[in-house]
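First the structure, in the form of structure tokens, and then the observations on it.
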Amino acid sequence: MKNGVNLIGYARAESGLGEACRSAAKALQSVGVPFCIINFPRCPSRQNDLSWKHKEVKQPIYKTNIFFINADQLYYHFRLTNLKSEWFNNRYNIGYWHWELPEFPDAWVKSFDLINEIWVPSRFILNSISSKTSKPIHFIPHAISVEIPEINRTHFSLPNNRFLFLTMFDLHSTSARKNPLAVIEAFKKAFPQNDHTVGLVLKINNASHFPNEVNLIRQNIMGFNNIFIIDKVLSRKEVNGLMNVTDSLVSLHRSEGFGLPLAEAMYLGKPVIATNWSGNVDFMNENNSSLVDFTLKNIEGNYGPYIKDQQWAEPEIDHAAFLMKRMVDDIDYANRIGLQAKKTILIKYSPKNIGRIYKIRLNQIELY
Numbered sequence: 023m024k025n026g027v028n029l030i031g032y033a034r035a036e037s038g039l040g041e042a043c044r045s046a047a048k049a050l051q052s053v054g055v056p057f058c059i060i061n062f063p064r065c066p067s068r069q070n071d072l073s074w075k076h077k078e079v080k081q082p083i084y085k086t087n088i089f090f091i092n093a094d095q096l097y098y099h100f101r102l103t104n105l106k107s108e109w110f111n112n113r114y115n116i117g118y119w120h121w122e123l124p125e126f127p128d129a130w131v132k133s134f135d136l137i138n139e140i141w142v143p144s145r146f147i148l149n150s151i152s153s154k155t156s157k158p159i160h161f162i163p164h165a166i167s168v169e170i171p172e173i174n175r176t177h178f179s180l181p182n183n184r185f186l187f188l189t190m191f192d193l194h195s196t197s198a199r200k201n202p203l204a205v206i207e208a209f210k211k212a213f214p215q216n217d218h219t220v221g222l223v224l225k226i227n228n229a230s231h232f233p234n235e236v237n238l239i240r241q242n243i244m245g246f247n248n249i250f251i252i253d254k255v256l257s258r259k260e261v262n263g264l265m266n267v268t269d270s271l272v273s274l275h276r277s278e279g280f281g282l283p284l285a286e287a288m289y290l291g292k293p294v295i296a297t298n299w300s301g302n303v304d305f306m307n308e309n310n311s312s313l314v315d316f317t318l319k320n321i322e323g324n325y326g327p328y329i330k331d332q333q334w335a336e337p338e339i340d341h342a343a344f345l346m347k348r349m350v351d352d353i354d355y356a357n358r359i360g361l362q363a364k365k366t367i368l369i370k371y372s373p374k375n376i377g378r379i380y381k382i383r384l385n386q387i388e389l390y
């Protein structure tokens, strides 16, 4: 069996997990590590990102597997034989896993039996998983790079000559965690409904699957004609373009495993406003972003995999509103934050830098 890496995951999926797999491909390619990709299509996201199709194979070629399939799905699909046992045999198996709460669920520990070690993109996830296993865990962040298309605001029917905030969320990731209603509330506190110097853009993924949640959002923005909804499906190129033509990304998340859109907006030099808690604080600080105060609260109900009695953050709406207003009123501040953001991501999270971390670990276990 040859030295190199089989990336097994949602390589075509238009989602954060799909992007994680594709970012690994960029990292490995940038440092010359041989790799192939096995696309695993069993997820709810659209499968239209074909950027790495030329590297796809049907069977693993190399002696190392990296599974970009989270712990809740890995054992489940192994048991159903969607993931074939011969793929695992006589190979070194790495699970590259995401999770968004302080405690890793006991229901998923069976997946540890399938792998030799775990890689995680944030220290937050590392702390969560390390209490449940003695297997090696390595902190290896995502590689960040964004291709900027020639797209302007008119493409999205958005107005020119005003400061536009953007918040993006996938309803499959549960809106309770992504917390878009808090962004709407903060914007409404910061700016009057007839203020045409500013705007808030809500980019909703998988809106058609969750009509009730979309209706709730529409009710919350009634009367505010400076709040715009984009709920149609956009290509990856269009998403990049949307981030590029808006002025600031806002995320009042209750929890993030990593926070890919935040890092991508920072790569584009955008000043980001975000909750000062969970995975994003690895790459965000008061010099390169606007961090929102929060209190830790017990989760009151069950929201998909996020079950009650764990904790997550409740961002302070008034503080978020203050920061949004500051971003508009003090352009020097916004520019300074955006410039530092871009530097952070370009220096620390480039595909080449992350690729080197991959290479060092693969060398340590004598697999490259």
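Residues 23 to 390, numbered by our numbering, are exactly what the sequence shown covers, in order.
Just so you know, even glycine gets a beta-carbon here, dropped at the ideal spot from N, CA and C.
Integer Cβ distance of Phe62 from Ile30, believed to fall under 8 angstroms: Going by Cβ atoms, the distance from Phe62 to Ile30 rounds to 6 angstroms, so yes, they are a contact pair.
Burial state of Asn227, where buried means 16 or more other Cβ atoms lie within 10 Å: It is buried - the Cβ of Asn227 has at least 16 other Cβ atoms within 10 Å.
Minimum C-alpha distance to Asp135 - residue among Ile339, Phe110, Leu318 and Phe246: Nearest in C-alpha terms to Asp135, of all of Ile339, Phe110, Leu318 and Phe246, is Phe110.
The segment 277-290 / the segment 162-173 touching (three or more Cβ pairs under 8 angstroms): With the cut-off at 8 angstroms, the segment 277-290 and the segment 162-173 touch.
Alpha carbon of Asn309 to alpha carbon of Leu389, nearest angstrom: The alpha-carbon atoms of Asn309 and Leu389 are separated by roughly 39 angstroms.
Bridge partners - Tyr114, DSSP secondary structure assignment: DSSP output for Tyr114 lists Thr86 as bridge partner(s).
For Ala342 and Leu274, believed in contact at Cβ under 8 angstroms, the rounded distance: By a beta-carbon distance limit of 8 angstroms, Leu274 contacts Ala342. Their separation comes to about 6 angstroms.
Gln333 beta carbon less than 8 angstroms from that of Leu318: Cβ atoms of Leu318 and Gln333: closer than 8 angstroms.
C-alpha distance - Ser179 paired with Thr189, whole-angstrom precision: Each residue's CA atom was taken as its position, placing Ser179 and Thr189 some 16 angstroms apart.
Cβ-based burial, Ser107 [other Cβ within 10 Å; buried from 16]: Counting Cβ neighbours within 10 Å, Ser107 comes out exposed, since fewer than 16 surround it.
Meets three-Cβ-pair contact criterion under 8 angstroms: the segment 299-309 and the segment 246-259: Three or more beta-carbon pairs separated by less than 8 angstroms are not found between the segment 299-309 and the segment 246-259, which leaves the two stretches without contact.
Spatially closest choice to Arg113 from Ile83, Gln95 and Glu122, by CA coordinates: Nearest of Ile83, Gln95 and Glu122 to Arg113, Cα basis: Ile83.
Residue nearest to Arg378 in terms of C-alpha spacing, selected from Ala46, Lys210 and Trp74: Distances from the CA of Arg378 to each of Ala46, Lys210 and Trp74 were compared; the closest alpha carbon is that of Ala46.
C-alpha gap between Gly40 and Ile159, whole angstroms: Going from the Cα of Gly40 to the Cα of Ile159 covers about 21 angstroms.
Range of the contiguous alpha helix (DSSP H) that encloses Leu203: Membership of Leu203 in the alpha helix (DSSP H) is indicated by the continuous run Pro202 to Ala212.
DSSP-derived helix/strand/coil call for Tyr98: Tyr98: helix per DSSP, three-state reduction.
Asp192, buried or exposed, once every other Cβ within 10 Å from all chains shown has been counted against 16: Under this definition Asp192 is a buried residue.
Segment contact flag, the segment 146-162 with the segment 115-134, C-beta cutoff 8 angstroms, min 3 pairs: Because the criterion of three Cβ pairs below 8 angstroms is met, the segment 146-162 and the segment 115-134 touch.
As assigned by DSSP and simplified to three states, the class of Leu222: DSSP, read as helix, strand or coil, puts Leu222 in strand.
Buried or exposed by the 16-neighbour rule on C-beta atoms within 10 Å, applied to Ser133: It counts as buried.
Cα-Cα separation between Asn373 and Arg276, rounded to whole angstroms: Before going further, note that residue 373 is Pro rather than Asn in the sequence given. Looking at the two C-alpha atoms, the distance is approximately 28 angstroms.
CA-to-CA distance, Arg64 to Leu105, given in whole angstroms: Distance between Leu105 and Arg64, taken at the CA atoms: about 11 angstroms.
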